[in-house]
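Below: one structure, written as structure tokens.
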Amino acid sequence: MKKMLLPLLWTVLSLTTAHAQSKRNAKSTPADPAAKLKQEVALSVEQNAKLGQEINDMLFSFAELGFQEEETAKYLTTLLEKEGFTIQRGIAQMPTAWIATWGSGKPIIALGSDVDCIPKASQKPGVAYHDPLVAGAPGHGEGHNSGQALNIISALAVKKIMEREKISGTLMLWPGVAEELVGAKAYFVRDGYFKDVDACIFTHVASNLSVGYGDAGNNGLISVKFMFEGQAAHAAGAPWRGKSALDAVELMNVGWNFRREHLELTQRSHYVIPDGGDQPNVVPSKASVWYYFRDRSYPKIKKLYDIGMKMAEGASLMTDTKFTYEVLGSAWPGHFNQPIAETLYENIKKVGLPTWDDNDQLLAKAAQIEMEASKIEGLDMKLDTIGLPADMPVASMGGQIMRSMGGGSDDIADISWALPTVVLRYPSNIPNLPGHHWSNAISMATPIAHKGIVAGAKAEAMTLIDMLTKPEVLKKAWAYYRDEQTKELQYTPLVGPKDFPATYLNKEIMAEFKPSLEKYYYEPGKYKTYLEQLGITYPTVNDTQRAKIKELEAKKLEAKGK
1200 MKKMLLPLLW
1210 TVLSLTTAHA
1220 QSKRNAKSTP
1230 ADPAAKLKQE
1240 VALSVEQNAK
1250 LGQEINDMLF
1260 SFAELGFQEE
1270 ETAKYLTTLL
1280 EKEGFTIQRG
1290 IAQMPTAWIA
1300 TWGSGKPIIA
1310 LGSDVDCIPK
1320 ASQKPGVAYH
1330 DPLVAGAPGH
1340 GEGHNSGQAL
1350 NIISALAVKK
1360 IMEREKISGT
1370 LMLWPGVAEE
1380 LVGAKAYFVR
1390 DGYFKDVDAC
1400 IFTHVASNLS
1410 VGYGDAGNNG
1420 LISVKFMFEG
1430 QAAHAAGAPW
1440 RGKSALDAVE
1450 LMNVGWNFRR
1460 EHLELTQRSH
1470 YVIPDGGDQP
1480 NVVPSKASVW
1490 YYFRDRSYPK
1500 IKKLYDIGMK
1510 MAEGASLMTD
1520 TKFTYEVLGS
1530 AWPGHFNQPI
1540 AETLYENIKK
1550 VGLPTWDDND
1560 QLLAKAAQIE
1570 MEASKIEGLD
1580 MKLDTIGLPA
1590 DMPVASMGGQ
1600 IMRSMGGGSD
1610 DIADISWALP
1620 TVVLRYPSNI
1630 PNLPGHHWSN
1640 AISMATPIAH
1650 KGIVAGAKAE
1660 AMTLIDMLTK
1670 PEVLKKAWAY
1680 YRDEQTKELQ
1690 YTPLVGPKDF
1700 PATYLNKEIM
1710 AEFKPSLEKY
1720 YYEPGKYKTY
1730 LEQLGITYPT
1740 VNDTQRAKIK
1750 ELEAKKLEAK
1760 GK
């Protein structure tokens, strides 16, 4: 009898201990009071997936360059107005910039995303080789057609819950106008449009679902156009009477290229010549060169800018010409908010990556093959980590400790220095492509983009619920902003009070291509998707790509067998 009672007693004791431990754990880690609302808002986003697809495909079809996003602005503001948002158009002296607000009181949370596209990047979606809709036309060769779709379906889902639960707060949607020119956001900050905003979630297309914090490792920049003026003359009959503005441009560029050897490794500088004269037999009386000066900090950017000014002055002296200059845009290096990023990442983990099907992966691998990518792996299957990679090397060069060797720029950084800001990256593009290229448009009006938008919108909407219902999130965000980010480094704008947005840029290009692009504008009332409207089979890949994919798969199987 004793032998039978002992196991029974041990079982009862174990269950009692486990129950007590469970109760202690429940007390130490209370249930998330917003969990139910977050589940609901994620479901609401899923129900809005069709709207997200329509917005995404519509903006893809407009294909508008920076400062000329006319159809995009009209479409988005009309849509938001119908949903009850109040629209302020033409902000910061930019006809295509706007702010849409809904709600009342604090907190005010801004949701932003870029909307402009890339020159000469026209491409049929879902086609894994170069096949432009309109040859030579602009196209969404980065994927800026997708972010506003994400923000809008997220905001509408949160708005519904705020109305029902009577949650105080204001949602503020806004577009990143002319981001490819880094031409707008510094003016938004300068002109006070973010003065009373409590936090900003910015969304940007990527190939994974992720968020980071702290120094983003990117470069800031100042964009400057130098304009030289000389004197025309017959280039053969009386060249001694001419003063060549083009000579001044070329001498400036030669001087800069010789100086590169003695610039820091983190700098990136590049230029184009928008005006090199009219015809060879006339000494050019006018010419211009447009520079981007990039580096990792404000002092370094300013130093590059000052060197550029000296180069322009020297070229002017050597050619007996005059020069003027115009600041066309700027961006600081970014610094993003840790508490908001950590809150967002917890929701990212709950959402996870989309479920890619065989067609999605086939298109991705075919595009990677077409662009001779270093890795032919298709779409990401593993969720990215938060923050900077743990294995990012730290370099010591010339007495400086550097975690990042520099790279691209984004003027969301200027917003990040005005208030707590994070960038939510969502998986709507194909990994390992060159960027700023027609190939990056391949996925941007396909199920890949549509699925990525929904995943990103769920994570954003859930984070908005956290920010609206848990005051400690924003309290910690502002503490980080004050005590960490801006404790020793203060934002100094790279645009001055006399600088103005260069809204004339890209006018001529859009005037040339818009009549042809209009024929391909998406008609959601007639077609379920843009692919259907264009009659594109998804995915469209060629025989060479299929053969290469089969070869790679066979090698993988062989390697596993070994």
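Residues 1200 to 1761 in our numbering are what the sequence shown spells out, letter by letter. For glycine and all other residues, C-beta sits at the position ideal for the given N, C-alpha and C.
Kindly confirm or deny that the segment 1578-1587 and the segment 1352-1364 touch, where touching means at least three C-beta pairs closer than 8 Å.
At 8 Å Cβ cutoff, the stretches do not touch.
Check aspartate 1474 in the structure and name its three-state DSSP category.
Strand, per DSSP.
Could you give the distance in angstroms between the alpha-carbon of lysine 1747 and the alpha-carbon of leucine 1663?
Lysine 1747 and leucine 1663: Cα-Cα distance of roughly 44 Å.
Measure the CB-CB distance between isoleucine 1307 and aspartate 1397 and report whether it falls below 7 Å.
Contact check for isoleucine 1307 against aspartate 1397 passes: the beta carbons are separated by less than 7 Å.
Note the first and the last residue of the continuous beta strand (DSSP E) segment covering aspartate 1313.
That run of the beta strand (DSSP E) goes 1307-1313.
If you measure between the beta carbons of glycine 1605 and arginine 1495, is that distance less than 7 Å?
Contact flag set, yes.
Are serine 1468 and phenylalanine 1492 close, meaning C-beta to C-beta below 7 Å?
Their beta carbons are under 7 Å apart, which means serine 1468 touches phenylalanine 1492 by this criterion.
What residue range does the alpha helix (DSSP H) around leucine 1730 cover?
For leucine 1730, the uninterrupted alpha helix (DSSP H) segment begins and ends at 1729-1733.
Decide if the segment 1614-1631 is in contact with the segment 1385-1400; the criterion is three or more beta carbon pairs, one per stretch, under 8 Å apart.
Taking one beta carbon from each stretch, the segment 1614-1631 and the segment 1385-1400 have 3 or more pairs nearer than 8 Å; the two touch.
Run through DSSP, which three-state label would alanine 1566 get?
Helix.
Can you tell which of Lys1424, Leu1632, Arg1440, Lys1358 has its C-alpha closest to the C-alpha of alanine 1486?
Among Lys1424, Leu1632, Arg1440, Lys1358, the Cα nearest to that of alanine 1486 belongs to Lys1424.
Pick helix, strand or coil for glycine 1413, following the three-state DSSP scheme.
Glycine 1413 falls in the strand class under three-state DSSP.
Using the Cα positions of alanine 1758 and tryptophan 1555, report the straight-line distance between them to the nearest angstrom.
If I take the Cα positions, the gap works out to 24 Å.
Cβ-based neighbour list, alanine 1431, same chain, cut-off 6 Å, excluding 5 preceding and 5 following
Counting only Cβ-Cβ distances below 6 Å, and skipping sequence neighbours, we find Val1481, Val1482, Ser1484.
Tryptophan 1297 in three-state terms, based on DSSP
Here tryptophan 1297 sits in strand by DSSP.
Could you compute how far the alpha carbon of histidine 1534 sits from the alpha carbon of alanine 1644?
Cα-Cα distance, rounded: 31 Å.
Through-space distance from valine 1326 to proline 1692, alpha-carbon basis
Distance between the alpha carbons of proline 1692 and valine 1326 is about 42 Å.
Which same chain residues end up closer than 7 Å to threonine 1739 when comparing Cβ atoms and leaving out the 5 residues on each side of it in sequence?
So the list reads Gly1325, Val1326, Ala1327, once near-sequence residues are dropped.
Contact under 7 Å by Cβ, isoleucine 1629 with alanine 1566:
For isoleucine 1629 and alanine 1566, yes; Cβs fall inside 7 Å.
For serine 1303, which of helix, strand or coil comes out of DSSP?
Here serine 1303 sits in strand by DSSP.
At 3 residues or longer, what runs of the beta strand (DSSP E) sit wholly inside the segment 1406-1453?
The qualifying runs are 1419-1428.
By a C-beta neighbour count over all protein chains shown, 10 Å radius and 16 as the cutoff for buried, is serine 1221 buried or exposed?
Because the pLDDT at serine 1221 is just 47, under 50, the model does not fix this residue reliably, and the value given afterwards should be weighed accordingly. The residue is exposed, with fewer than 16 neighbouring Cβ atoms inside 10 Å.
Whole-number beta carbon distance between glycine 1265 and leucine 1716, since they are thought to touch under 8 Å:
In fact, because the Cβ distance is near 16 Å, the residues do not count as touching under 8 Å.
Taking Cβ to Cβ, would you say serine 1627 is nearer than 7 Å to valine 1404?
Yes.
Range of the contiguous alpha helix (DSSP H) that encloses leucine 1673:
It spans 1670-1679 - the alpha helix (DSSP H) in which leucine 1673 sits, taken as one unbroken run.
If alanine 1701 and leucine 1462 are in contact, beta carbons under 8 Å, what's the gap, nearest whole angstrom?
26 Å between Cβ atoms; not a contact.
Count the CB pairs spanning the segment 1652-1661 and the segment 1275-1295 that are closer than 8 Å, and state whether there are at least three.
These segments do not touch.
Would the beta-carbon of isoleucine 1290 be found less than 6 Å away from any heavy atom of the ligand GTP?
Annotation note on the ligand GTP: not contained in the displayed structure, which lists no ligands.
Is the beta carbon of asparagine 1350 sitting closer than 7 Å to the one on serine 1312?
Cβ atoms of asparagine 1350 and serine 1312: closer than 7 Å.
By DSSP's criteria, tryptophan 1489 is part of a beta bridge. Which residues make up the other side?
Answer by DSSP bridge pairing, in chain order: Lys1424, Val1471.
Considering only the alpha carbon of each residue, which of Gly1346, Ala1291, Ile1298, Ala1437 lies closest to leucine 1250?
Taking leucine 1250 as reference, the option from Gly1346, Ala1291, Ile1298, Ala1437 with the minimal CA-CA separation is Gly1346.
Put valine 1481 into one of helix, strand or coil per three-state DSSP.
Taken through DSSP and simplified to helix, strand or coil, valine 1481 comes out as strand.
Just verifying my parser: in three-state terms, what is the DSSP assignment at glutamine 1322?
In the structure shown, glutamine 1322 sits in coil (DSSP, three-state: anything other than H, G, I, E or B).
Since lysine 1442 and threonine 1523 are thought to touch, with beta carbons under 8 Å apart, how far apart are those beta carbons, to the nearest angstrom?
In fact, because the Cβ distance is near 15 Å, the residues do not count as touching under 8 Å.
Quick one: what's got a C-beta closer than 7 Å to glutamine 1537's C-beta in the same chain, skipping five residues either side?
Non-local beta-carbon contacts of glutamine 1537 in its own chain, meaning distances under 7 Å to residues more than five positions away in sequence, involve Tyr1412, Gly1413, Tyr1679 in chain order.
Looking at alanine 1648: is its Cβ nearer than 7 Å to the Cβ of asparagine 1255?
Yes; because the gap between Cβ atoms is below 7 Å, this pair is in contact.
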